[in-house]
Every structure is written in structure tokens, then in C-alpha cells.
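If you want our numbering, it's the position in the sequence shown, counting the first as 1, plus 571.
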Amino acid sequence: MATARKSRSIDETASRPAPALARAGVRPAKSRGQNFLTSGGVADRIVKAAELCETDSIVEIGPGLGILTEKIAVLPRRSLTLVELDSRLAARLQERFADVHVINADFLAIDFAALAGDSPLKVIGNLPFNVAAAILRKLSDNSRMISRMVLMFQREVAARIRANPGDDAYGALSVFTALYWKIDLHFTVAAGSFHPRPKVDAEVLSFAPHATRLFHNDEERDVLETVRASFSAPRKTIRNALSHALGIDATQTVRAIERAAIDPGTRAETLGVPDFLRLAQALRTELDDA
């Protein structure tokens, strides 16, 4: 087991990103959603929220200049793996943190199961804004391999992730997230805490997997397809949205909705996770009986 260590001292800090990026030959790319966190105080709050301990295996997504990494690297832990897309930043991270495993790759393309091995991971990251929702989707697909996550998103995306039924921001992303995770903490990070400064604030969310999965493995596909179909036409009733998206007869759709004890005239944004679970099961029963 690793003990507390100090990172290699070099002539750059993540709190002074412009000269550090210049030395690395990196110009922040809007197409990659690169906005580098500069606030040490925010970094401290993120690491604290992860509730790290000496037995943890940790993965950091998009470490950039290492402002979070330097907070984690001095703590006792089992292992720390960094996944960084930019090859120049990855090389400098490996130089700076000699005892940390750096993977130079697109997180969306890596084999997460191989990364996790046989022990649950804790995941930390200031996610690139342009692919943050896709990264969350991949992490949710692998939720059984994760014990806790602390992730940063564009504030509008974060609002969608943690929204409840009836909220203006509530949608498919809200339901997909709630199927796998309980969000037990969130806080806002001002746009001025980044370089370059984005147009909007960010938000940090802390995720814990449900103690008991809400559905069986063989039900997962039906549940996810039901949620997608239900939100495919937000202005339509649940009856019309499902019939159109799933390509099934309206009579079958109504029977399934009523079997799930849902009003066919309601809209998806009023339904909670238990409703979608019942609806997915009812649709499967109706289609199997047809």
C-alpha cells in the first residue's frame, strides 16, 4: 500500500496556468472544452468531498495541469491513475508525479473494466464541458465498479443532472443519473476560477451509487429505452411519445401505461424513477403478450 508522497518539484503551478501552458506548448482548445481550474480552495473542496482513504484506488479524469492531482498525490492511497487526452500535458504530469500512472487517451475510448480491476474506484474530475454528459453516461454504465465520484460540470448541465420531477431542468439526463446514483453534495464554482474563463459558472456534484441496484441486469436495456422514448418528444403526452418512439400500437401503449398506474395523458417530465421502472416492466409484459 502506498504511503503519503510529495510530487516532484518543478517551476510551474496550476494556479498560474498561462505560463505553465505556454511552457507545455498548449493553447486551451474550445473544441476540447479545456478550462483549467485555478482555485486551490475549490480543489481542496473537491478532494475533501471524495472522502479519500489509504485503501482507495483513484482515477482522475482530465487532470490538465494537475491542480487536483497535487492535492491527491500527497495523501495515502492504494493507487492514482490519471487519464489525460492531451499528450503534452500527459507527459508533463508523468514527469511531475513520478509514482502516478498516467494514461494518455480519450476517457470515452478506454476500457474502464480493465482500469478498475477487482476493486471499486473513486473517480474525480474537472470534466471537459463539451463531453461531460457522455463521460457521466460511461461512468454510469460502470457504476458497479465505482464507490464514489466527485465531478465538475457546466452549471446548466449539473442542474439537469440533479433535477427532480417537475423542475424546469428535469429530463432524460436527470432520470438516467438517478437510476444509478444518489447525489449527496453540490456546490457552485464561479467562472473566474478557470483559465480561460468560461461564459458560465460550473458546479461540482458528488455521487454515491445506490446501495441496492434499482433494476436487474436483464432489465437495464428496457428501462433505458423507456426513458429515452418517454423524453423523445417532451411536449407530447407519455402515450404519444412512447407510441411514436417505440413504433408500437397506441392501444398497446395505453394498456402498458395503465398497467403501470400512470395517466396516459401525463408528460414524461412529471414522472419519477419508480414510474419509469414500472412503465418499462409493463411495456415488456405487453409486448411479450402480444
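No residue lacks a Cβ here, since even glycine has one placed at the ideal position from N, Cα and C.
Values in this document were obtained by computation on a predicted structure and should not be read as measured data.
Put simply, the backbone Cα of Arg598 is about 33 Å away from that of Leu756.
Closest in alpha carbon position to Leu698, among Gln605, His815, Thr841, is Gln605. The segment 733-797 is shown to contain whole beta strand (DSSP E) runs of 3 or more residues at 752-760, 773-780, in chain order. A distance of 9 Å or more separates the beta carbons of Phe802 and Leu848. In this structure, DSSP gives Ser658 a helical state, which the three-state scheme calls helix. The C-beta separation of Pro736 from Glu631 comes to about 33 Å, leaving the pair out of contact by the 8 Å criterion. In the structure shown, Thr640 falls within a helical segment according to DSSP collapsed to helix, strand and coil. With a beta-carbon spacing of about 24 Å, Ala704 and Leu636 fall beyond the 8 Å limit used to define contacts. Taking all protein chains in view, the Cβ of Ser777 is crowded by 16 or more other Cβ atoms within 10 Å, so the residue is classified as buried.
Between the beta-carbon of Ala800 and that of Ala782 there is about 28 Å, and that puts the pair past the 8 Å contact cut. Boundaries cannot be given for Glu840, as no alpha helix (DSSP H) includes it and DSSP labels it neither H nor E. Annotated three-state conformation of Ile632 is strand, per DSSP. Less than 9 Å divides the Cβ of Asp772 from the Cβ of Arg726. Boundaries for Gln823: no beta strand (DSSP E) harbours it, while the alpha helix (DSSP H) harbouring it runs 821-830, taken from the DSSP string.
A distance of 9 Å or more separates the beta carbons of Ala821 and Ala853.
Leaving aside the five residues that flank Ile717 on each side, the residues in its chain whose CB is nearer than 7 Å to its CB run, in chain order, Pro691, Leu692, Val694, Leu710, Pro780. DSSP, reduced to helix, strand and coil, places Thr652 within a strand of the structure shown.
By the beta-carbon neighbour count (other beta carbons within 10 angstroms, threshold 16), Val760 is buried. For Arg806, there is no enclosing beta strand (DSSP E), since its DSSP letter is neither H nor E.
Here the alpha carbon of Asp670 sits roughly 22 Å from the alpha carbon of Ile617. The distance from the Cβ of Asn675 to that of Ser650 is about 17 Å, inconsistent with a contact at the 8 Å cut-off. For Arg648, same chain residues with a beta-carbon under 7 Å away, outside a window of 5 residues either side, are Ala573, Leu623, Glu625, Asp627, Ile629 in chain order.
At a Cβ-Cβ threshold of 9 Å, Ile638 and Phe683 do not count as neighbours. When only Cα atoms are considered, Ala804 and Leu656 end up about 35 Å apart. Here DSSP, grouped into helix, strand and coil, assigns Ile706 to helix.
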